[in-house]
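Protein chains in written order, with the working numbering: chain C, 156 to 484; chain A, 121 to 237; chain B, 3 to 494.
This is the structure in structure tokens:
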């Protein structure tokens, strides 16, 4: 709570963002304490990680400090007090914290806990609910990520310069090499260490992706970790190098592919006579079908999340490059 | 009774702090941070609902009989993702606004708009 | 395939969106989007037919039955809305290719269509689903794409309008999320039908009351109900014209659908109207909305702003009908929902045509347009007449039922106020007519021609529909009556 109030008072946005990152990490630890391990994992990587990163890139373009508020925010305070009061009023009848008799534990949840092993065959109950029982919500979630990616492309993408001649390419390569050399001195240790770490990070991402059935993990977390590896690479080696490794249109194509993979699994179910995203249509043995379905859709999720995170970062960084370039000329 | 609800009240306060930042502050980035805090606090609320005293994480394992409720976990996973999507889009807008108006303070922008009309 | 219609309704546009990325030429993307939207429209017609003959359709996603899985529940109310949304989407798209050429930079065109399809799919998904959390997810899909679409507007104020809409919209969505969480906590389920059965035993608790309050406020933010309407005028005025034409007819309608669905089908009539003085509250807010917005409209210099304020007023009418809480009242709301969609999409499309030809929508630039763009201006005039509620237009039909509903309830003063509101509409419509027909054209505007066919065709489809449904009311009345009756638990 102290963190939250500190954020209200501080004017230096850099500090504010760092504090919000801390808030995210604290929430993640709280989630662990509440036995919500998958959520903690996601909140740590997404809320504390990517969120903080993007905000920092944003303020590198928009400025570090906040102007003091000139008028007394009376109306805002009133609204907040009324809303908060209403919420507290609402809590008076709520079941007590941790009580096993609460309605939420009586009705829908027991079947997930008791029957999911027979019906879906996956130990991580969160995965079975997310990827099978409520798979359509997860599909919607992937679409949300995809939408954000498209929105950011629509807002921030900068026209790449047209195809270059051989002379241009030679010039660019020389430019990149000289840039690398100069950075070589300053960030030598970082660059060497990160080059060694990168493959491990990616491997970890793959592990999280495929182990999500048995332990905390799954498509989202894996996608974010994978994207983090790429972003790390980009930060240390420069946008131009990164772009040669990962092409703009390729990454957009990947983002689309993830979504389409997910949807296609559902369509296959339709074509086999069952409802959308009913995995029992994928194989003769329903459990095998469940496993296959979950594997495929989580893959789709991972691909789209990774590509969209990369797209978002590239476009923010690219815009910054662009505006700095304009400032120089 | 109070101890049972203490958890909820703390969460409510957190939510309100976030909410306050959004509506009271004029700096666009600060607003986005506030929005993020507001949303994260809602997640904390949902997750504390899921906890069962004496239960563990909802991953089936030998010898464990009491599990915490997995459904809110699933919902919050989705909500976190929605939250980051919104934050990213909001930041992109803030960047564009800075380019177009030269400022990200609400008062500044409104002043310039009034001159435009 | 027929039994899969409910999900196809949403999946077709949803999966078409990423497919657009694989097509290279923007023209092709436009055509593809148009076809997809047309398919969605076809599906919605079939769905409506099916529902009117055989009753509510239930579709279990992932093969798991509710409340453990997510289900789609289509009854007369949502089938009706699915039809409206997909119809408007398709007609508006006809003009999209031409319109965005002048309003959006060429390299962003593909993204425009992708976001458009996502927005369409999002709205269809909100309407079709029977699961409360699923509503939230698709609400965010449609909202996020909306923020981005609005921000594509040429004027830099579009960016600011999009940002404000984002902030207010996200607060609203978070409120709805809080409400859903509270409901879940007291009942243990997320399925709307299941909730309606479990809520009565806990409805006296303060938690449920709070849940109700948060959900209603969240929906009202999206609805642009006075005084939570602040985001709407700028968002409509500065977004690309096609976007406004699409959203003006659909976005707020979806919010009204949510209001009706949550109060009638989830919380139940008795709770919704007795626990909170909802009836009085909405009546007052609705009337305030009508008058404040209509008066604001009179003073606008930017015609898009004028019609945006007019939209807020029209939402006020719909809320008044809703507050009467009788079958007739609800019918009136649904009819007005339908009619407003037809009217406003036609009006904003016509404005898009004007924007295309003269590059501005300031009233002062409209001088003499009556002679230079006769078909376009005629469309605006007919749309305006419909707003006022002149007989032979569709606006008359809904105003008629609205007044009927208030009179049936014995609310004479309200009926009078509704008529007064229509008089205000006369004033702001007259302003446009006066400038366009009775003033000489500006010297600089000699070379203006009529709008191209790609605009005229969709505009006049909508205008003629406006007139047709104003005369032959069988279809709209039948569907809305059936929907209202089933919501009140009468009849089917």
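A virtual CB, placed ideally from N, CA and C, is assigned to each residue, including glycine.
The residues 168, in chain order, have a CB closer than 6 Å to that of residue 214(C) in the same chain once the five nearest residues on each side in sequence are set aside. Within its own chain, the residues whose Cβ lies closer than 6 Å to the Cβ of residue 246(B), once the five positions on either side in sequence are excluded, are 238, 350, listed in chain order.
Within chain A, the residues placing a beta-carbon under 7 Å from that of residue 158(B) are 220, 221, ordered along the chain. Under a 10 Å Cβ-count criterion, residue 206(B) is classified as exposed, with fewer than 16 other Cβ atoms of the shown protein chains found around its own Cβ. Taking one beta carbon from each stretch, the segment 253–270 of chain B and the segment 219–236 of chain B have 3 or more pairs nearer than 8 Å; the two touch. With contacts defined as CB atoms closer than 8 Å, residue 400(B) and residue 78(B) fail to qualify as a contacting pair. Among the residues of chain B, those whose CB is under 7 Å from the CB of residue 195(A) are 135, following chain order. Within the same chain, Cβ atoms closer than 6 Å to the Cβ of residue 429(B) are found at 300, the five residues on either side in sequence being excluded. Going by C-alpha positions, residue 464(B) is about 14 Å away from residue 355(B). Using a Cβ-Cβ cut-off of 8 Å, residue 66(B) does not count as an interface residue toward chain A, since no Cβ of chain A sits closer than that to its own.
Within a 10 Å sphere around the beta-carbon of residue 351(C) sit fewer than 16 other beta-carbons, which makes this residue exposed. In the DSSP secondary-structure assignment, residue 75(B) is bridged to 60(B).
What residue 307(C) touches in chain A, judged by beta-carbon distance under 8 Å, is 208, 209, 212, going in chain order.
Any Cβ of chain C closer than 8 Å to the Cβ of residue 113(B) would place that residue at the interface, and such an atom is present.
Interface flag for residue 389(C) against chain B is unset, since no Cβ pair is found closer than 8 Å.
Rounded to whole angstroms, residue 263(C) and residue 295(C) show a C-alpha spacing of 21 Å. Straight across, the Cα-Cα distance linking residue 184(B) with residue 135(A) is about 15 Å. Residue pairing of residue 133(B) in beta bridges, as defined by DSSP: 193(B). Per the DSSP secondary-structure output, residue 259(B) pairs with nothing in a beta bridge. The secondary-structure analysis by DSSP pairs residue 225(A) across a beta bridge with 147(A). Boundaries cannot be given for residue 452(B), as no alpha helix (DSSP H) includes it and DSSP labels it neither H nor E. Within chain C, the residues whose beta carbon sits less than 7 Å from that of residue 17(B) are 415, 418, listed in sequence order. Runs of the alpha helix (DSSP H) lying entirely within the segment 247–335 of chain B and spanning at least 4 residues, in chain order: 271–276, 280–300, 305–326. Scanning its chain for C-beta atoms nearer than 8 Å, with the 5 sequence neighbours on each side dropped, one finds around residue 473(B) the residues 394, in chain order. Counting only runs of at least 4 residues, the segment 90–139 of chain B fully encloses the following alpha helix (DSSP H) elements, listed from N- to C-terminal order: 111–130. Taking the Cβ atoms as the reference, residue 49(B) lies roughly 6 Å from residue 84(B), within the contact range of under 8 Å. Under DSSP, residue 179(A) forms a beta bridge with 279(C). Taking a contact to require three or more Cβ pairs closer than 8 Å, the segment 3–14 of chain B and the segment 392–403 of chain C do not qualify as touching.
Residue 280(C) and residue 453(C) have their alpha carbons spaced roughly 15 Å apart. As the crow flies, the alpha-carbon of residue 470(C) is around 18 Å from that of residue 201(C). Residue environment analysis places residue 234(A) among the exposed positions, since fewer than 16 neighbouring C-beta atoms fall within 10 angstroms of its C-beta. Contact check for residue 225(A) against residue 147(A) passes: the beta carbons are separated by less than 8 Å. Rounded to whole angstroms, the Cβ separation of residue 334(B) and residue 407(B) is 5 Å, and the two are in contact under 8 Å. With fewer than 16 other Cβ atoms inside 10 Å of its own Cβ, residue 348(C) counts as exposed. The closest CA to that of residue 178(B), considering only 213(B), 116(B), 148(B), is found on 213(B).
Rounded to the nearest whole angstrom, the CA to CA distance from residue 332(B) to residue 234(C) is 32 Å.
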